[in-house]
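Q: Let me give you the structure first, and then I'll get to my questions.
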Amino acid sequence: MEILAAIVVGGLFGCGVYLLMSRSPVRLIIGLVLLSNAINLLIFVAAGLVRGKAPLIPAGSLRAIEATADPLPQALILTAIVISFGVLAFALVLFSRTFKSTAATSLDEMKTTDT
Amino acid sequence: MKLLLILPILIPLTTAAFCLLFWRYRTVQRLLGTLGSAAHLLVALLLLWTVRQDGIFATQVGNWPAPFGITLVADLFSAIMTVLGALMGLTVVIYSLTSMDRDRESSGYYAFFHFLLMGVSGVFLTGDLFNLYVWFEVMLMSSFVLLALGGERHQLEGAIKYVTLNLISSALFLTALGILYGMLGTLNMADLSRQISGGMHAGVVSTLSMLFLVAFGIKSALFPLFFWLPASYHTPPVAVSAIFAGLLTKVGVYTLIRVFSLLFAQDIAYTHSIILVIAGLTMVTGVLGAMAQNEFRRILSFHIISQVGYMVLGLGLFTPLALAGSIFYIMHHIIVKTNLFLVSGVARRLQGSYQLARLGGLYQTAPALTAIFMISAFSLAGIPPLSGFWAKLILVKASLDMTGYIIAATALGVGLLTLFSMAKIWAAAFWGDAPETTVAGEEQPWETFSLSEKIALYLPMILLGALTLTIGLMSEPFFELATRAAEQLLNPAGYIDAVLGGK
Chain H
34 MEILAAIVVG GLFGCGVYLL MSRSPVRLII GLVLLSNAIN LLIFVAAGLV RGKAPLIPAG
94 SLRAIEATAD PLPQALILTA IVISFGVLAF ALVLFSRTFK STAATSLDEM KTTDT
Chain D
105 MKLLLILPIL IPLTTAAFCL LFWRYRTVQR LLGTLGSAAH LLVALLLLWT VRQDGIFATQ
165 VGNWPAPFGI TLVADLFSAI MTVLGALMGL TVVIYSLTSM DRDRESSGYY AFFHFLLMGV
225 SGVFLTGDLF NLYVWFEVML MSSFVLLALG GERHQLEGAI KYVTLNLISS ALFLTALGIL
285 YGMLGTLNMA DLSRQISGGM HAGVVSTLSM LFLVAFGIKS ALFPLFFWLP ASYHTPPVAV
345 SAIFAGLLTK VGVYTLIRVF SLLFAQDIAY THSIILVIAG LTMVTGVLGA MAQNEFRRIL
405 SFHIISQVGY MVLGLGLFTP LALAGSIFYI MHHIIVKTNL FLVSGVARRL QGSYQLARLG
465 GLYQTAPALT AIFMISAFSL AGIPPLSGFW AKLILVKASL DMTGYIIAAT ALGVGLLTLF
525 SMAKIWAAAF WGDAPETTVA GEEQPWETFS LSEKIALYLP MILLGALTLT IGLMSEPFFE
585 LATRAAEQLL NPAGYIDAVL GGK
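Chains as they are written, first to last, in the numbering used here: chain H, 34 to 148; chain D, 105 to 607.
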C-alpha cells in the first residue's frame, strides 16, 4: 500500500513539475495544484499508513494500548490544504486579472519587468 | 514574561484587524497603522532587553508541553530580528503616510502591511518547523497582496513571477518538512536538533538539508535562485519595495541560519562548504547584475542579492566570529537598504523618474537627501567608519582566520564593485547636471506637499541614517550583541533546554 501511494506521489510530482514548465498560464496553475496535492499525500505516506486503528485511548487508561495511526500528519495536511486553497485562489485571480489586462496568452509575453 | 513572546505577533494582528474594521475611514487606518507599529517596536525592544538580561526563554502555546504543542521561543538572534522587523515597520509606515496614494490606502494597505509584520515576527519567534511554514505563508500572502495592490500592468507581471516562484519554494519546504516528520516523528526544532545530533539517519538528513537549502535559498534570493527578485522588487510603490527589500529576503536568511545552526550542523564539512561556495557566487552575480542596470531601484534590487551573499558567507564559515559577522551584517544591511529605497522614492518625487538618465543635480536641490544617501550608500559599499565597513571587516577577518583567501578576496572585490555602483548613482542622480525637462509623474508634485507631509517622508530617513552612523561610530555594543547571539547559535544546548525544560 505504501509503495503504491509513493508511486502516486511521484507521478503527481512529475506531472506538476512538467506543467510548471509550460508557457500557458492555465497549465501553470494546474501544475501548482498538482504539486500541492502531491505534497499533502507525501506527508501522509511519509508518516506511515496505518489502517483501521483510530488513535483513541480507552477510558481510564493514560496511553493507547496498541499502535495506532498518527493523527498529527492529518492535522498538518488539513492546515496545508487550507493554506494552499487560499494561496491558489489568490494566484488564480492574479493570473486571470493579469492576462485580461494585458491580453497576452503566453508567459513569454510577460517579460517587460525582467532585466 | 510569557506574554512578551506573543505580543510581537498579537499587536500587528490586532492592528490589522482594526484597520479592516475601519475599512471606510482612511484617516483612522493611518492613525492605527502608525500607533500599532510604534507599540510593536516598543514590545520588540522590551523583548530584546529581557532576552539580553535573562537569556533564552520559551513559552508553550495553549500549555501543551513541548515537543507536542507549538513552542514560541526567543534567543538573542530572534529578538534582534524582531526589533529590526518592528523598526522597519514603523519607519516605512511613517513614510507611507505621505508616499502612499489614496486609492491604495483605502484598499487595505495598512491592514496588509501589519499582516506582513505579523508573519515576519511569527517566523522569528516560532520554535516549531510546521508553525514556521504557516508564518511563512502568512507573510507571503500579505506580500502577494501588497505587491499586486493597485493592479498596474508592471506590478501584475512582477507579482506573477514572485507568486509562482515563492509557491514553489513553499512547496519544497513542505516536502522536506513532511519527510523529516516521517523520519523523526517530531517537528519541534529543539527536539529535532537533539535527535539529529544523536547521529540518526545522517545520510538522509544531509539530503534533506539540501532540500531546505533550496527552499530557503529561493526565499533569500541565493544564486542561482534569485530571478524573481529583480523582476518584481522595482514594480510596487516605493514604500512596499522598501519594506520588502529590508525584510523579506532577510527572513529567508534568518531561517537558513537557524536551520543550519540548530538542525543541520552534523555534517559541516559537506553542507556548509556548499553554502560557502553559493555565498561567493551570490555576491558576484548580484553585483555584476547591478552594474548592468541604469534604474535606481533595479540597481538596489541587485545589490540585495549580493549583500545576501555576505550574510550567508558567515553561515558557510560557521565559526563564532563569522556568525557574529553575519548577524552584524544583517543588522547593518536591513537599515541601510530600506533607507536607500526610501531615498529613491523621494528622488523620484522630486524629478519624476527612477531612471538615472532622467535624474540629476539633487546635490543642489535637496542637500539633506544627498547627505542621507551618502551615509547609506557609502555604508553599503563599506567605507570606514560607517556600519558596512565593520560588517565587512568582521567577515573578511573570519574568512582569513579560516584561511579562506579566495572567499575573502571575493568579498573585498564585491565591496569595490558595490562602491562603483553607488558612485554611478551618485554621479548621475546627485552630482550630474539637472535634467532640462522633468517628466511630470502621475503622482502629486513635490511643491504641493505641506511641511508635515515632508516631515513624514524625511523623519524615517533621518532616523535610519542616524542609526547607520551610530552603528558605525559606536559599533562595540552592537558587535557584542551579535557575538553573544552567535555564541547562542553555536551552542544549541541552551536553546534546547529553554524549550524542553532541560529534560
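Each residue gets a CB set at the ideal place from its N, CA and C atoms; glycine is no exception.
1. So with Cβ pairs under 8 Å, would you call Leu-271(D) a contact of chain H?
2. Buried or exposed for Val-120(H), please, with buried defined as at least 16 other CB atoms from any protein chain shown within 10 angstroms of its CB.
3. In three-state DSSP terms, what is Ala-232(D)?
4. Output yes or no for whether 8 Å exceeds the beta carbon distance between Ala-495(D) and His-407(D).
5. Is His-218(D) buried or exposed, if buried means 16 or more other CB atoms sit within 10 Å of its CB?
6. Is DSSP giving Leu-176(D) helix, strand or coil here?
7. Helix, strand or coil, according to DSSP, for Ala-162(D) in the structure here?
8. Once you ignore the five residues that flank Arg-298(D) on each side, which residues in its own chain have a CB closer than 8 Å to its CB?
9. What's the call for Met-204(D), buried or exposed, on a 16-neighbour Cβ count within 10 Å?
10. So what does Asn-73(H) bridge to, in DSSP terms?
11. Need the endpoints of the alpha helix (DSSP H) that Asn-443(D) sits in, please.
12. Within the continuous alpha helix (DSSP H) that includes His-258(D), where are the two ends?
13. Between the C-alpha atoms of Asp-505(D) and Pro-424(D), what's the straight-line distance to the nearest angstrom?
14. In terms of DSSP beta bridges, what is Gln-459(D) paired with?
15. Taking 8 Å as the threshold, find out whether the region 440-447 of chain D comes into contact with the region 507-520 of chain D through three or more Cβ pairs.
16. State yes or no: is the C-beta of Gly-140(D) within less than 8 Å of the C-beta of Ile-76(H)?
17. Report the residue from Gly-262(D), Val-196(D), Gln-459(D) and Trp-168(D) whose alpha carbon sits nearest the alpha carbon of Pro-539(D).
18. Shorter than 8 Å from the beta carbon of Tyr-285(D) to some beta carbon of chain H?
19. Cβ closer than 9 Å: which chain D residues qualify as neighbours of Gly-81(H)?
20. Residues in the same chain with beta-carbon distance under 8 Å from Ser-134(H), minus the five sequence neighbours each way, listed in chain order, please.
21. Residue ranges of each alpha helix (DSSP H) run of no fewer than 4 residues wholly in the region 522-591 of chain D, ordered along the chain?
22. Any C-beta of chain H within less than 8 Å: which residues of the region 379-403 of chain D qualify?
23. Please compile the residues from chain H whose C-beta is within a distance smaller than 9 Å of the C-beta of Ala-325(D).
24. If we ignore side chains and look at the alpha-carbon of each, how far apart do Thr-290(D) and Ala-80(H) end up?
25. Here's the rule: buried if 16 or more other CB atoms are within 10 angstroms of the residue's CB, otherwise exposed. What is Asp-147(H)?
26. In whole angstroms, give me the CA-to-CA distance for Lys-607(D) and Val-59(H).
27. Taking only the alpha-carbon atoms, compute the straight-line gap between Ile-272(D) and Ala-39(H) and give it to the nearest angstrom.
28. Residues in its own chain within less than 7 Å of Ile-115(D) by CB, not counting five upstream and five downstream?
29. What did DSSP end up calling Asn-595(D) once you bin it into helix, strand or coil?
30. Taking contact to mean at least 3 C-beta pairs separated by less than 8 Å, is the region 514-523 of chain D in contact with the region 384-391 of chain D?
31. Here's the rule: buried if 16 or more other CB atoms are within 10 angstroms of the residue's CB, otherwise exposed. What is Phe-582(D)?
32. What does Leu-127(H) reach in chain D if we use C-beta pairs closer than 8 Å?
33. Can you tell me which of Leu-473(D), Gly-465(D) and Gln-468(D) puts its alpha carbon nearest to the alpha carbon of Gly-449(D)?
34. Give the straight-line distance between the Cα atoms of Gly-486(D) and Ala-113(H), rounded to the nearest whole angstrom.
35. On the DSSP bridge list, what partners appear for Asn-167(D)?
A: On the basis of the data shown:
1. yes
2. Buried, by the Cβ-count rule.
3. Here residue 232(D) is Asp; the residue named in the question, Ala, does not match the sequence. Here Asp-232(D) sits in strand by DSSP.
4. Their beta carbons are not under 8 Å apart, which means Ala-495(D) does not touch His-407(D) by this criterion.
5. By the neighbour-count criterion, in which a residue is buried when 16 or more other Cβ atoms sit within 10 angstroms of its Cβ, His-218(D) is buried.
6. strand
7. strand
8. Residues Ile-600 and Leu-604 of the same chain have their beta carbon placed closer than 8 Å to that of Arg-298(D), with the five preceding and five following residues left out of the count.
9. buried
10. Answer is none; Asn-73(H) lacks a bridge partner.
11. 424-455
12. 257-288
13. The C-alpha of Pro-424(D) is placed about 11 Å away from the C-alpha of Asp-505(D).
14. Note: Gln-459(D) sits in a beta bridge opposite Glu-399(D).
15. no
16. No, Cβ-Cβ distance for Gly-140(D) and Ile-76(H) is not below 8 Å.
17. Gln-459(D)
18. yes
19. Gly-286
20. none
21. 555-577
22. Gly-393, Ala-396, Gln-397 and Arg-402
23. At a beta-carbon threshold of 9 Å, none of the residues of chain H lie near Ala-325(D); the nearest stands roughly 13 Å away.
24. 10 Å
25. exposed
26. Bear in mind that the predicted position of Lys-607(D) carries a pLDDT of just 48, short of 50, making it unreliable; the figure below should be weighed with that in mind. Cα to Cα, Lys-607(D) sits roughly 52 Å from Val-59(H).
27. 20 Å
28. Gly-140, Ala-143, His-144 and Val-147
29. In the structure shown, Asn-595(D) falls within a coil segment according to DSSP collapsed to helix, strand and coil.
30. yes
31. A buried status is given to Phe-582(D), since no fewer than 16 other beta-carbon atoms sit within 10 Å of its beta-carbon.
32. Phe-248, Ala-252, Leu-260, Ala-263, Ile-264 and Val-267
33. Leu-473(D)
34. 43 Å
35. According to DSSP, Asn-167(D) bridges with nothing at all.
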